[in-house]
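Asks:
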Amino acid sequence: MTEKQEIINRLKANLAEIITPEEFEALIARVDAGEKITHYIGFEISGYVHIGQGIMSALVIKDLQALGVHCTIWLADWHTAINNKLDGTKETAAKIGKGYFTEAMKACLLAVGADGNAVEFRLASEWYAKDAMEYWDTVVKVAKNTTLARMQRSISIMGKESGEDVELATLLYPAMQVADIFYQDIVIAHASMDQRKAHVVMRDVANKISPSLRQGFGGQGKPIAIHHALIDSLTGDNKMSKSKPDSAVFVHDDAESINAKIKKAFCEEKNIEKNPILNWTKNILFWNRATPFAIEREEKFGGNISFASYEELETAFANGDVHPMDLKSAVAQEIIALLAPARAHFAKPEIAAMKQELDDVIAKRG
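Using numbering that gives the first Met the number 0, the letters of the sequence shown map in sequence onto residues 0 to 365.
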């Protein structure tokens with residue numbers, strides 16, 4: 000098996016979903032033929048970057064880079080303002096996006112060994128200004144090829160519930176997110192699973208939109224979608240939340256904070272169904288592991304133990320052969336080591352100043 004096929008197989012195994020696997024492999028084959036295949040992942044600029052957002056995205060980007068894909072990160076300042084994040088203004092979202100958020104994502108790319116310099120960062124408002132008529136024409140075409148009911152259901156991508164009383168601008172958000180993909184001629188649309196509804200709309204409307212908007216899609220008429228898993232909250236309550244610091248590890252957390260958060264995380268003995276520590280181990284630490292996962296224990300508790308695969312670890316935990324505190328200790332040390340390059344990045348005065356700008360915005364918001 001070639002190295003490229005190994006990477007493809009890893010992505011197929013580790014991603015929560017690829018729509019569709021067959022189209023994905025066909026697109027990667029085009030790279031060898033000299034075709035430029037462009038990936039994108041878009042983010043609201045909504046606060047501190049946690050590992051579920053930054054590290055999970057970076058792991059996917061690293062593998063795509065190894066396949067020859069051109070990767071881009073979309074800084075969605077318009078979307079941030081529509082969703083009333085930070086102080087609700089596009090100007091603040093743009094400033095934090097080009098400062099703190101870009102550096103946080105570069106830190107994550109550095110942490111996983113990806114090439115951060117090869118990733119293109121695009122600010123949405125700057126890209127819209129290149130050809131505003133084309134962009135908003137695309138938004139309208141997307142909107143004309145879907146329904147109000149579907150847009151109302153799709154606002155879950157913003158963390159809102161269908162049927163919730165929302166501002167009218169909120170209903171523009173899903174159509175804008177879909178239009179972002181067509182406007183940039185993106186071939187691989189990437190997100191976490193909570194953005195799936197927008198990508199399904201994208202796939203459904205693609206063949207109804209003007210052929211001139213499909214030139215970058217390898218002739219297939221629609222981009223593909225890849226979704227990485229949502230990482231569990233440390234408290235055991237759904238996904239991590241930027242507004243609940245104990246639910247997440249942020250990419251610039253110090254070692255003491257990481258250790259403390261993981262030590263008090265929800266992790267019931269023998270419970271493998273709802274266990275954020277196992278969830279992090281599977282999705283992050285075993286993404287592309289080259290060495291056994293080691294747990295240090297005193298001799299009276301069985302001595303040190305190691306696992307070559309996640310499945311071995313999960314079975315041992317389910318059988319009670321691994322105690323939650325021992326697992327937490329091992330995971331904490333690995334996360335601390337993983338994020339060491341990110342902490343070093345944020346220790347630079349100019350990068351620390353960017354984080355302080357976000358600190359100030361969050362403090363004013365209350």
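Just so it is clear, CB atoms sit at the ideal spot from N, CA and C, and this is done for glycine as well.
For a quick check, are the C-beta atoms of L277 and L312 less than 9 Å apart?
Replies: By 1-based counting over the sequence shown, the position of residue 277 is 278. By 1-based counting over the sequence shown, the position of residue 312 is 313. Taking 9 Å as the Cβ cut-off, L277 and L312 qualify as a contacting pair.
Asks: Exposed or buried, what is V139 when buried is set at 16 or more other beta-carbons lying within 10 Å of its beta-carbon?
Replies: Numbered from 1 along the sequence shown, position 140 holds the residue referred to as residue 139. Per the 10 Å Cβ criterion, exposed.
Asks: What did DSSP end up calling Y375 once you bin it into helix, strand or coil?
Replies: Because the chain is modelled from 0 through 365, residue 375 falls outside the range shown and cannot be assessed.
Asks: Looking only at DSSP bridge pairs, what is H227 linked to?
Replies: As a position in the sequence shown, residue 227 is number 228, starting the count at 1. Answer is S191.
Asks: Assuming N303 and R296 make a contact with CB atoms under 8 Å, what is their CB distance in whole Å?
Replies: The residue given as residue 303 occupies position 304 in the sequence shown. The residue given as residue 296 occupies position 297 in the sequence shown. About 6 Å separates the two Cβ atoms, so the contact holds.
Asks: For R300, collect the residues of the same chain with a Cβ closer than 6 Å to its Cβ; drop the 5 residues on either side in sequence, then sort them by chain order.
Replies: Taking the sequence shown and counting its residues from 1, the one referred to as residue 300 is at position 301. Per the sequence shown, residue 300 should be read as Phe rather than Arg. So no residue of the chain qualifies.
Asks: Answer yes or no: do H38 and A205 have a C-beta to C-beta separation smaller than 9 Å?
Replies: Taking the first residue of the sequence shown as 1, we reach residue 38 at position 39. Taking the first residue of the sequence shown as 1, we reach residue 205 at position 206. The answer is no: Cβ separation not under 9 Å.
Asks: Suppose only complete runs of 3+ residues qualify. What are the beta strand (DSSP E) ranges in the stretch 115-142, listed by chain order?
Replies: For the stretch 115-142, whole beta strand (DSSP E) runs of length 3 or above, ordered along the chain, are 119-122.
Asks: Have a look at P323 and I223 and give me their C-alpha separation to the nearest angstrom.
Replies: The sequence position of residue 323 within the sequence shown is 324, counting from 1. The sequence position of residue 223 within the sequence shown is 224, counting from 1. Computed Cα separation, rounded: 39 Å.
Asks: What number of angstroms, rounded off, separates the C-alpha of P291 from the C-alpha of N318?
Replies: Translated into positions along the sequence shown, residue 291 becomes position 292. Translated into positions along the sequence shown, residue 318 becomes position 319. Roughly 19 Å separates the two Cα atoms.
Asks: With a threshold of 16 other CB atoms inside 10 Å of the CB of A343, please say whether the residue is buried or exposed.
Replies: Indexing the sequence shown from 1 puts residue 343 at position 344. So A343 counts as exposed.
Asks: Please report the distance separating the alpha-carbon of F345 from that of G53.
Replies: For this step, residue 345 is matched to residue 346 along the sequence shown. For this step, residue 53 is matched to residue 54 along the sequence shown. Cα to Cα, the separation comes out at about 14 Å.
Asks: Does W279 come out as helix, strand or coil in the three-state DSSP assignment?
Replies: Translated into positions along the sequence shown, residue 279 becomes position 280. Looking at W279 - three-state DSSP - the assignment turns out to be helix.
Asks: Please go through the same chain and pick out, in chain order, the residues whose beta-carbon is closer than 6 Å to the beta-carbon of K357, but skip the five residues on each side of it.
Replies: Counting from one through the sequence shown, the residue named residue 357 turns up at place 358. For the sequence presented, residue 357 should be read as Leu rather than Lys. Correct list, in chain order: I95 and Y99.
Asks: Residue range of the alpha helix (DSSP H) that I6 falls in?
Replies: Indexing the sequence shown from 1 puts residue 6 at position 7. Where I6 is concerned, the enclosing alpha helix (DSSP H) stretches over E2 to N13.
Asks: Please go through the same chain and pick out, in chain order, the residues whose beta-carbon is closer than 7 Å to the beta-carbon of E43, but skip the five residues on each side of it.
Replies: The count along the sequence shown starts at 1 and reaches residue 43 at position 44. The answer, listed in chain order, is A75, H78, T79, N82 and K84.
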